[in-house]
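Contents: one structure, followed by commentary.
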Amino acid sequence: MENEFRQTSEHPVCAEHTDLRRIRTNPDFWYPVAWSRELRREKAIDVRFAGRHIVVVRPKSGEPYALDGLCPHRQVLLGKGDVHGDAISCIAHGLRYDRDGQCVSSDVSAEAQCLHLTTWACREKGGLIFVFMGEQSLADKIPLPDFPRVKDRRYRTRRFGQVVNCHYSFMHENLMDMNHQVLHSRLVGKMKPRFLGMDHGDGFVEARYTFVRTGGKQPLSEALIYGQRRRDGRDFAYRDVMTIRTQYPYQTLRIETQGIEEPVMELWISYVPQDRDELTNRVFGLLSIKRLKVPFLLDLAWPILVAFTERVFFEDREIVELEQAAWKDLGGDHNQEVFPVINQLRDLLRRCGQRPDGVGKAAS
Amino acid sequence: MENEFRQTSEHPVCAEHTDLRRIRTNPDFWYPVAWSRELRREKAIDVRFAGRHIVVVRPKSGEPYALDGLCPHRQVLLGKGDVHGDAISCIAHGLRYDRDGQCVSSDVSAEAQCLHLTTWACREKGGLIFVFMGEQSLADKIPLPDFPRVKDRRYRTRRFGQVVNCHYSFMHENLMDMNHQVLHSRLVGKMKPRFLGMDHGDGFVEARYTFVRTGGKQPLSEALIYGQRRRDGRDFAYRDVMTIRTQYPYQTLRIETQGIEEPVMELWISYVPQDRDELTNRVFGLLSIKRLKVPFLLDLAWPILVAFTERVFFEDREIVELEQAAWKDLGGDHNQEVFPVINQLRDLLRRCGQRPDGVGKAAS
Amino acid sequence: MENEFRQTSEHPVCAEHTDLRRIRTNPDFWYPVAWSRELRREKAIDVRFAGRHIVVVRPKSGEPYALDGLCPHRQVLLGKGDVHGDAISCIAHGLRYDRDGQCVSSDVSAEAQCLHLTTWACREKGGLIFVFMGEQSLADKIPLPDFPRVKDRRYRTRRFGQVVNCHYSFMHENLMDMNHQVLHSRLVGKMKPRFLGMDHGDGFVEARYTFVRTGGKQPLSEALIYGQRRRDGRDFAYRDVMTIRTQYPYQTLRIETQGIEEPVMELWISYVPQDRDELTNRVFGLLSIKRLKVPFLLDLAWPILVAFTERVFFEDREIVELEQAAWKDLGGDHNQEVFPVINQLRDLLRRCGQRPDGVGKAAS
């Protein structure tokens, strides 16, 4: 018997597909790279996209801008530099660059005027700073994502996120796969999901679920979202519908209650690759919850909700990082998916992303 | 002069041999993977063998069993899961597997019944849980190792072990090579080993030594093992015989005193590869010491003995880890052995183990 | 658009040059490997040169000597061993080696007399222990470096250094490039360098600068070096000349004040590669400062000077380590040098060092 587990795996990875965990993020979309509150006036911040350093600068006046994050002179991180007026200066020699990426420090050295930095389209919306890392001529044609609840006073929005050590595809799968409620049973009690159906098209996959409580008490945080404490699970089983949608490259989750026009909860989330191999991602999430009839009740209960969502997020993170670790250990993807909607989602991510060799679209 | 130290080494590795540190453990034997006390009733534990995750489950009733350690659905570690009755369930989606490795969660998804886990033969003996990772049809024909002193009331047994960062071959060599007493001179005083002879055959190498004290005081812990405090080294020099035997893949060390029929000490030890490259191993050791004539004296003195053996183990571990580090640094084995018995042992380990390419036995 | 940043870089590395950060240190020079104070009588120390372990031994009497740092028997670090008289003994089996590298432990095993260690030329000077790692027949012909101020009572010398995580070439560039004063502006105020000229020849490049203060107060530590507090920058602008010279493989920095014959400050510095890839180096620096007219004033102020130089060193280290990190990240050197003297220095380091393949001189 051989110890070469990789070759003798009982479930070889299908040869005709590129391994999903090697599919790269399609850069022809707007991606969040920082929260607005992270970048003060006349400051700069270093962010990463798929291994590339980007410096985002908020000048003394006007909109933020984004440049390549390494000084072309000696490759020192520009995010460490100072902002004076409109220009960012490198910490090492003080070489200054304007928002067009042009070095404007001919006083330091005549040769410095040859130095130039790549510029990247940059926008700010809803408390997030976005960059466009793809073909720059497309930037104006591709719309920024929309999250109407963020500005709606009838909702309160929580901004959350952190770096998770896995490929972004695990994140999409995890959120869309509501069959993993067992994972959160200590937090939410026993919930049985019922799959209501799915929908898919050119750039999206959508799954709809409802739930029935089969045991355990409804947690307070859940009651807060639904606006009422429900005493008997059976009574209103299947009254709520949860819709999860990956509209490439973003993901949303919406909970609607029968008889109420607007969702009681809406989540918008984006996963931004950090390293070159895209095996870590930074999460930017906007979780909007509808305010209750009693004024300020949601605000009072806010800390409970924050703690609840943090714990759910923590449990999910453990799982996706275990999945990623097993992928590395086994040398590839051995997923044997049992939920058809997840296979649809996997096809979507493969189709919309880029093959690792960068030759073309992943599935073309 | 070049800096390419690897190539210009004065002692090139012999080309006709596979590097001993690349020889893999032969899986057609029973290997301990956990202590019985680590695995409670209705619990599961994740263990490793040469890079492979194994989940060992102790069901509600009956013997423990072993399965591949990653859920076939999404490769989540099953050792994190819960045991209900006879079945282990995955933490992520609650998919349950019985002791035959069959998924029994068709309620979660119809496709789940296609999921199946490899099973591994598993036995429990002497406070250890063993698995058989080789050709499964051989499992019943290959006997479990024997350690009769563990159940013998005239002996007390200490169970010890930890993960050591080196290939298992360094462990075998270190124990059989009693010429390294200088290493432990701060603990045991100056002891001069005298090599009495060796024996070797199909699956074993055995070395016999005796010792004479050339300086330093006999430590209390040593006196406890021998059952008496000896005042004059010369007087009883060469009265004790230490026999170290590698009976592949296990190792034993026995101390006999002239005129006493049974050994005063007997050690059984096994080194189980943890990572895929087998450059770390987990030690499982059973050290049986004969009780003294005064009842409970050995029990009273036990903490001293434990501390003594821990310190000897600590010093040995430092050396084998330095040897392993140098092997990595130099890119291969540069051993120039000066003790013939160690060369016999090295041949045995090469012969009985597996070549890294897995094509056949290492020496065939 | 592709994510393959390495290939699509706008500034490809010139193909006809070997990447400067891959050029190896030329071993045909004397390199410091330890401070004399680190090595007491009858002790040994493990040091590294370009990935090779060296043990330096100070015997009971006579000069220190250097041998390969791994015992040929089982490759255990000899630096862990004990020194008895003239010989170093290995911690594991007590095998002893004399200053010629010959094993003198035939009592342990007859085969031990075949064991032999490579010897390396070794000298001690000015509180430093040097080894010669190149062609040994050259050792006597190549002079040790000279640092006359170290023994001159009119100067006080500070010995400093630590391991810095970068290729030694970054260190040379950083010290010679006085245009990076902006980096230290919090420590030294605003200083504008004026380049006075350079000189270069067979094994050296030399740059001369003067400075004028354009803002900020002169720090006390600087006043101590110059021997007076200067109240008006303009008044004596361009009176001091700083000369930085790389005389391969060492570097010096000298500050002279107009009208004073001897330098007010002289620095000698050497960067010794630690790992095989030479991406870390250990700094050995001797900073000699001329004593002031008031006796003991310099000694009183010494702690201030120490703190000042430590902080400058700390800031420099951050930059060179960022440069090294970017080199790894980008997969090569993307430097676009804007200061001609630095390009001269880079050519010198490439010419005097060794190509990574070791076939010949880097630039031949």
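Chains as they are written, first to last, in the UniProt record's numbering: chain A, 1 to 364; chain B, 1 to 364; chain C, 1 to 364. From the three backbone atoms N, C-alpha and C, an ideal C-beta is built for every residue, glycine too. All figures in this text were calculated on a predicted structure; none of them were measured in a lab.
Helix, strand or coil: which one does DSSP assign to residue i?
i        : result
B:Ser185 : helix
B:Glu318 : helix
C:Cys71  : coil
C:Lys43  : strand
C:Glu323 : helix
A:Asp299 : helix
C:Leu287 : strand
A:Thr309 : helix
Am I right that residue i and residue j are in contact with their C-beta atoms under 8 Å? What's the rounded C-beta distance?
i        : j        : result
B:Gly94  : B:Ala44  : No, B:Gly94 and B:Ala44 are not in contact; Cβ-Cβ is about 14 Å, not under 8 Å.
B:Arg153 : B:Glu266 : Incorrect: roughly 15 Å between the Cβ atoms, too far for contact.
C:Glu315 : A:Gln75  : At roughly 17 Å, the Cβ-Cβ gap does not stay under 8 Å, so C:Glu315 and A:Gln75 are not in contact.
C:Leu20  : C:Arg346 : 6 Å
B:Pro72  : B:Ile129 : B:Pro72 to B:Ile129, Cβ: 23 Å. No contact.
C:Met171 : C:Val182 : Incorrect: roughly 19 Å between the Cβ atoms, too far for contact.
B:Glu42  : B:Val83  : 5 Å
Hey, could you find the ends of the beta strand (DSSP E) residue i is sitting in?
i        : result
B:His53  : 52-58
C:Tyr31  : 30-35
B:Ile244 : 240-247
C:Ile91  : First-last for C:Ile91: undefined, no H or E at that position.
A:Cys114 : Careful: A:Cys114 lies outside any beta strand (DSSP E) and carries neither H nor E.
Compare the C-beta of residue i against all C-beta atoms of chain B and say whether one is closer than 8 Å.
i        : result
C:Pro72  : yes
C:Ala363 : For C:Ala363, the pLDDT reaches just 39, beneath the cut-off of 50, and the residue's location in the model is therefore unreliable, although a value from the coordinates is still provided. It does not: the Cβ of C:Ala363 has no partner Cβ on chain B nearer than 8 Å.
C:Ile142 : no
C:Gly85  : no
C:Leu115 : yes
A:Leu349 : no
C:Leu20  : no
A:Asp232 : For A:Asp232, the pLDDT reaches just 47, beneath the cut-off of 50, and the residue's location in the model is therefore unreliable, although a value from the coordinates is still provided. It does not: the Cβ of A:Asp232 has no partner Cβ on chain B nearer than 8 Å.
Note the first and the last residue of the continuous alpha helix (DSSP H) segment covering residue i.
i        : result
C:Asp347 : 340-352
C:Glu173 : 168-176
When the cut-off is 8 Å and only beta carbons count, does residue i lie next to chain A?
i        : result
C:Val182 : yes
B:Glu111 : yes
B:Val91  : In the sequence as presented, Val is not what sits at residue 91 of chain B; that position holds Ile. It does; some Cβ of chain A falls within 8 Å.
C:Ala326 : yes
C:Asn165 : no
C:Arg229 : Bear in mind that a pLDDT of 47 at C:Arg229, under 50, signals an unreliable position, so the number given afterwards is only what the model happens to contain. False, the Cβ-Cβ gap to chain A never drops below 8 Å.
Please find out if some non-hydrogen atom of the ligand ADP comes closer than 7 Å to the beta-carbon of residue i.
i        : result
A:Asn335 : Summarising the ligand content, the structure contains no ligands, and the ligand ADP is consequently not present.
Which one of the options has the shortest CA to CA distance from residue i?
i                      : options                                : result
C:Asp146               : C:Glu278, C:Asn335, C:Pro356, C:Leu286 : C:Leu286
C:Ile304               : C:Thr157, C:Glu222, C:Ile129, C:Phe29  : C:Glu222
C:Glu124               : C:Leu224, C:Val33, C:Arg291            : C:Val33
A:Ala50                : A:Phe296, A:Gln218, A:Asn26, A:Arg213  : A:Asn26
C:Arg351               : C:Tyr248, C:Trp120, C:Val283           : C:Tyr248
B:Val320               : B:Cys166, B:Ile244, B:Ala139, B:Lys293 : B:Cys166
C:Val283               : C:Phe313, C:Gly69, C:Arg291, C:Val56   : C:Phe313
B:Phe29                : B:Met242, B:Ser106, B:Val131, B:Gly69  : B:Val131
A:Asp98                : A:Val57, A:Pro219, A:Arg159, A:Gly126  : A:Val57
C:Gln344               : C:Leu298, C:Ile260, C:Gly197           : C:Gly197
A:Arg156               : A:Arg213, A:Ala112, A:Asp299, A:Ser137 : A:Asp299
C:Lys217               : C:Arg208, C:Ile244, C:Leu187           : C:Leu187
residue 402 of chain B : B:Lys192, B:Leu67, B:Leu220            : Because chain B is modelled from 1 through 364, residue 402 of chain B falls outside the range shown and cannot be assessed.
A:Asp140               : A:Trp268, A:Cys122, A:Gly127           : A:Cys122
B:Cys90                : A:Lys60, A:His180, A:Met176            : A:His180
Does any residue of chain C have a CB that is nearer than 8 Å to the CB of residue i?
i        : result
A:Gly189 : no
A:Gly94  : yes
A:Gln75  : yes
A:Val104 : no
B:Ile289 : no
B:His334 : yes
A:Val272 : no
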